[in-house]
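Throughout, this note's numbering is defined as the position within the sequence shown, counted from one, plus 50.
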Amino acid sequence: MVSTDPVASGDLGGAPLKVYPPGLDRAAGLVEDSGNNNFVPAVRGVFEAYRGGTPFGSRTLSPVLAQARLLHHDCLVQSGETLSTYVWASSVLVEAVRQVKANYSEADRSSAERSKAITTLLTDAVTAAQAQARAQANQEARAASDAQAYGSGYAANPQDGSGV
(Lines of atoms letter the chains of each structure in order from A and count residues from 1; the text may use other names and numbers.)
(Lines give C-alpha, C1' and ligand atoms only; values in the text may rest on other atoms or scores of the structure.)
Protein backbone atom coordinates (compact mmCIF):
# COMPACT_ATOMS: atom_id res chain seq x y z
CA MET A 1 0.00 0.00 0.00
CA VAL A 2 1.33 3.44 -0.95
CA SER A 3 1.33 6.02 1.82
CA THR A 4 -0.52 9.26 1.17
CA ASP A 5 1.00 10.85 4.25
CA PRO A 6 3.29 13.64 2.96
CA VAL A 7 5.64 13.35 5.93
CA ALA A 8 5.94 9.56 5.64
CA SER A 9 6.55 9.82 1.90
CA GLY A 10 9.17 12.54 2.41
CA ASP A 11 7.21 14.95 0.19
CA LEU A 12 6.95 18.24 2.03
CA GLY A 13 5.46 19.98 -1.00
CA GLY A 14 8.74 21.54 -2.04
CA ALA A 15 8.68 23.83 0.98
CA PRO A 16 12.16 24.56 2.28
CA LEU A 17 12.92 23.23 5.71
CA LYS A 18 14.15 25.99 7.99
CA VAL A 19 16.33 24.84 10.87
CA TYR A 20 17.09 26.99 13.89
CA PRO A 21 19.75 25.08 15.87
CA PRO A 22 19.13 26.79 19.24
CA GLY A 23 15.46 25.85 18.86
CA LEU A 24 16.45 22.23 18.32
CA ASP A 25 18.45 22.27 21.55
CA ARG A 26 15.53 23.81 23.40
CA ALA A 27 13.01 21.31 21.99
CA ALA A 28 15.24 18.34 22.81
CA GLY A 29 15.82 19.69 26.32
CA LEU A 30 12.09 20.18 26.96
CA VAL A 31 11.24 16.66 25.79
CA GLU A 32 14.12 15.16 27.76
CA ASP A 33 13.25 17.11 30.92
CA SER A 34 9.60 16.13 30.60
CA GLY A 35 10.55 12.49 30.33
CA ASN A 36 13.08 12.55 33.15
CA ASN A 37 11.03 14.69 35.52
CA ASN A 38 7.51 13.42 34.79
CA PHE A 39 7.19 10.19 32.89
CA VAL A 40 10.13 8.19 34.26
CA PRO A 41 9.03 8.74 37.89
CA ALA A 42 5.40 8.00 36.89
CA VAL A 43 6.36 4.72 35.24
CA ARG A 44 8.45 3.70 38.23
CA GLY A 45 5.60 4.66 40.56
CA VAL A 46 3.04 2.61 38.63
CA PHE A 47 5.29 -0.45 38.48
CA GLU A 48 6.21 -0.14 42.15
CA ALA A 49 2.67 0.44 43.39
CA TYR A 50 1.12 -2.46 41.51
CA ARG A 51 3.97 -4.95 41.45
CA GLY A 52 2.12 -7.17 43.90
CA GLY A 53 -1.27 -6.74 42.25
CA THR A 54 -4.25 -4.50 42.81
CA PRO A 55 -4.86 -3.96 46.54
CA PHE A 56 -8.60 -3.24 46.51
CA GLY A 57 -10.98 -6.07 47.30
CA SER A 58 -8.24 -8.45 48.36
CA ARG A 59 -10.23 -9.60 51.43
CA THR A 60 -13.33 -10.69 49.58
CA LEU A 61 -13.96 -13.98 47.84
CA SER A 62 -16.38 -12.55 45.25
CA PRO A 63 -15.54 -13.96 41.78
CA VAL A 64 -16.85 -10.74 40.18
CA LEU A 65 -14.56 -8.62 42.33
CA ALA A 66 -11.64 -10.97 41.66
CA GLN A 67 -12.25 -10.55 37.90
CA ALA A 68 -12.46 -6.74 38.35
CA ARG A 69 -9.18 -6.80 40.29
CA LEU A 70 -7.53 -8.80 37.52
CA LEU A 71 -8.82 -6.42 34.82
CA HIS A 72 -7.76 -3.40 36.87
CA HIS A 73 -4.28 -4.88 37.35
CA ASP A 74 -3.97 -5.65 33.64
CA CYS A 75 -5.04 -2.10 32.82
CA LEU A 76 -2.44 -0.64 35.17
CA VAL A 77 0.29 -2.88 33.75
CA GLN A 78 -0.67 -1.82 30.21
CA SER A 79 -0.64 1.85 31.28
CA GLY A 80 2.83 1.40 32.74
CA GLU A 81 4.05 -0.29 29.58
CA THR A 82 2.55 2.51 27.48
CA LEU A 83 4.29 5.12 29.62
CA SER A 84 7.51 3.15 29.38
CA THR A 85 7.18 3.07 25.58
CA TYR A 86 6.51 6.80 25.60
CA VAL A 87 9.70 7.40 27.61
CA TRP A 88 11.67 5.25 25.16
CA ALA A 89 10.14 7.03 22.14
CA SER A 90 10.94 10.38 23.73
CA SER A 91 14.58 9.41 24.20
CA VAL A 92 14.72 8.30 20.55
CA LEU A 93 13.22 11.64 19.50
CA VAL A 94 15.69 13.60 21.64
CA GLU A 95 18.62 11.71 20.15
CA ALA A 96 17.27 12.23 16.60
CA VAL A 97 16.83 15.97 17.18
CA ARG A 98 20.36 16.24 18.54
CA GLN A 99 21.72 14.30 15.56
CA VAL A 100 19.82 16.59 13.16
CA LYS A 101 21.34 19.60 14.90
CA ALA A 102 24.83 18.08 14.74
CA ASN A 103 24.42 17.24 11.05
CA TYR A 104 22.95 20.66 10.28
CA SER A 105 25.73 22.42 12.19
CA GLU A 106 28.37 20.34 10.39
CA ALA A 107 26.77 21.06 7.01
CA ASP A 108 26.61 24.76 7.87
CA ARG A 109 30.27 24.75 8.96
CA SER A 110 31.30 22.83 5.86
CA SER A 111 29.31 25.18 3.64
CA ALA A 112 31.00 28.19 5.27
CA GLU A 113 34.42 26.59 4.69
CA ARG A 114 33.59 25.88 1.04
CA SER A 115 32.27 29.41 0.60
CA LYS A 116 35.49 30.80 2.06
CA ALA A 117 37.58 28.59 -0.24
CA ILE A 118 35.57 29.71 -3.29
CA THR A 119 35.92 33.35 -2.24
CA THR A 120 39.69 32.86 -1.89
CA LEU A 121 39.90 31.21 -5.34
CA LEU A 122 37.89 34.02 -6.92
CA THR A 123 39.92 36.70 -5.16
CA ASP A 124 43.17 35.05 -6.27
CA ALA A 125 41.88 34.74 -9.85
CA VAL A 126 40.83 38.41 -9.95
CA THR A 127 44.17 39.50 -8.44
CA ALA A 128 46.08 37.41 -11.01
CA ALA A 129 43.96 38.79 -13.86
CA GLN A 130 44.52 42.35 -12.65
CA ALA A 131 48.28 41.74 -12.38
CA GLN A 132 48.32 40.28 -15.89
CA ALA A 133 46.31 43.24 -17.22
CA ARG A 134 48.73 45.70 -15.54
CA ALA A 135 51.72 43.87 -16.99
CA GLN A 136 50.12 43.90 -20.44
CA ALA A 137 49.27 47.61 -20.11
CA ASN A 138 52.85 48.38 -18.97
CA GLN A 139 54.29 46.42 -21.90
CA GLU A 140 52.01 48.23 -24.36
CA ALA A 141 52.90 51.60 -22.79
CA ARG A 142 56.65 50.85 -23.12
CA ALA A 143 56.16 49.81 -26.73
CA ALA A 144 54.24 52.99 -27.47
CA SER A 145 56.85 55.08 -25.67
CA ASP A 146 59.69 53.40 -27.57
CA ALA A 147 57.88 53.87 -30.89
CA GLN A 148 57.39 57.54 -30.14
CA ALA A 149 61.00 57.99 -29.00
CA TYR A 150 62.50 56.41 -32.12
CA GLY A 151 59.88 57.81 -34.50
CA SER A 152 60.20 54.94 -36.91
CA GLY A 153 57.39 52.88 -35.58
CA TYR A 154 60.02 50.32 -34.61
CA ALA A 155 59.77 49.46 -30.93
CA ALA A 156 62.54 47.98 -28.89
CA ASN A 157 62.07 44.47 -27.68
CA PRO A 158 62.21 44.83 -23.91
CA GLN A 159 63.27 41.21 -23.48
CA ASP A 160 66.40 41.09 -25.64
CA GLY A 161 67.23 44.79 -26.07
CA SER A 162 66.99 44.70 -29.86
CA GLY A 163 66.02 47.81 -31.79
CA VAL A 164 68.05 50.08 -29.60
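For glycine and all other residues, C-beta sits at the position ideal for the given N, C-alpha and C. Just so we're clear, the structure is a prediction, and the values are computed from it rather than from any experiment.
- When C-alpha distances from N87 are compared across A157, V176, V137, Y154, the shortest belongs to V137.
- Taking the CA atoms as reference points, Q189 sits about 59 Å from Q149.
- In this structure, E82 places its C-beta atom within 8 Å of the C-beta atom of V144.
- Per DSSP, reduced to three states, the secondary structure at Y100 is coil, with no helix or strand assignment.
- Distance from L133 to V96 at the Cβ level is roughly 7 Å; contact confirmed, criterion being Cβ atoms closer than 8 Å.
- When the five nearest sequence neighbours on each side are left out, the beta carbons in the same chain lying within less than 8 Å of the beta carbon of A92 are those of L133, in order along the chain.
- Exposure of G79 is indicated by the presence of fewer than 16 other C-beta atoms within 10 angstroms of its C-beta.
- Residues R119, H122, H123 of the same chain have their beta carbon placed closer than 6 Å to that of T104, with the five preceding and five following residues left out of the count.
- Less than 8 Å divides the Cβ of S155 from the Cβ of P71.
- Runs of the alpha helix (DSSP H) lying entirely within the segment 89-171 and spanning at least 4 residues, in chain order: 90-99.
- Burial state of K68 is exposed, judged by a 10 Å Cβ sphere holding fewer than 16 other Cβ atoms.
- Here the C-alpha atom of T173 lies approximately 12 Å from the C-alpha atom of S165.
- Only buried fits G130, as 16 or more other CB atoms lie within 10 angstroms of its CB.
- The C-beta distance from G102 to L115 rounds to 17 Å, too long to meet the 8 Å contact threshold.
- A direct Cα-to-Cα measurement between R76 and V90 gives close to 20 Å.
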